[in-house]
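Remarks on the structure that follows.
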Amino acid sequence: MNKRELAKFKKILLEKRDELLADLDQFKEREVASKLKDKADENSAYSFHMADVGTDNMEREKAFFFATREGKYLAHIEQALERIDDGTYGICPDCNEQIPTPRLEAVPTATRCVPCKEKAEKN
Ligand SMILES: [Zn+2]
103 MNKRELAKFK
113 KILLEKRDEL
123 LADLDQFKER
133 EVASKLKDKA
143 DENSAYSFHM
153 ADVGTDNMER
163 EKAFFFATRE
173 GKYLAHIEQA
183 LERIDDGTYG
193 ICPDCNEQIP
203 TPRLEAVPTA
213 TRCVPCKEKA
223 EKN
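Residue numbers (my numbering): 103 to 225.
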């Protein structure tokens, strides 16, 4: 994938992330949400890492958010942004082929091409 396409998908993903972070604001108490947002601004790729989830209230709320559909989607977006940064975005890890651009346009967080995804789901 060329740089221009990568930049396009990065923009799409960042916009979706902003939307989800706005949902997160509504979902949570204001103070907690602003802490999370500050974190997201500091470091885009690794801002929401499940490994850091602890036991205090804020961490529990964060974990709860990640259990929701929006939270899971947000995690997928973070992972897609990581792949853009490390140069593996748009490449199917199973067959090492380029995922077709129309599929990525429909599902920017897709990790696999359609045949490999269907295979993975069957197993
Ligand atoms: Zn594949």
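From the three backbone atoms N, C-alpha and C, an ideal C-beta is built for every residue, glycine too. These numbers were taken from a predicted model, which means no experiment stands behind them.
Query                                                                                         : Result
Candidates P202, A222, G189, L183, of which the one nearest V211 by Cα                        : Correcting the residue type first, residue 211 is Thr in the shown sequence and not Val. Among P202, A222, G189, L183, the Cα nearest to that of T211 belongs to L183.
Rounded Cβ spacing between Q200 and G189 (contact assumed at less than 8 Å)                   : Q200 to G189, Cβ: 13 Å. No contact.
Burial state of F167, where buried means 16 or more other Cβ atoms lie within 10 Å            : buried
Contact set, ligand 1 heavy atom to C-beta under 5 Å                                          : C194, D196, C197, C215, C218
C-alpha distance - K174 paired with E180, whole-angstrom precision                            : 10 Å
Assumed close pair L108, I186 - CB separation to whole angstroms, cut-off 8 Å                 : 6 Å
Residue burial classification, C215 (beta-carbon count within 10 angstroms, cutoff 16)        : buried
Cβ-based neighbour list, E121, same chain, cut-off 8 Å, excluding 5 preceding and 5 following : none
Nearest-angstrom Cα separation, counted from E172 out to E220                                 : 23 Å
Coarse secondary structure for I91, derived from DSSP in three states                         : Because the chain spans 103 through 225 in this model, residue 91 falls outside it and cannot be assessed.
Inter-residue spacing [alpha-carbon to alpha-carbon] between N198 and C218                    : 10 Å
Buried/exposed call for T203, threshold 16 Cβ in 10 Å                                         : exposed
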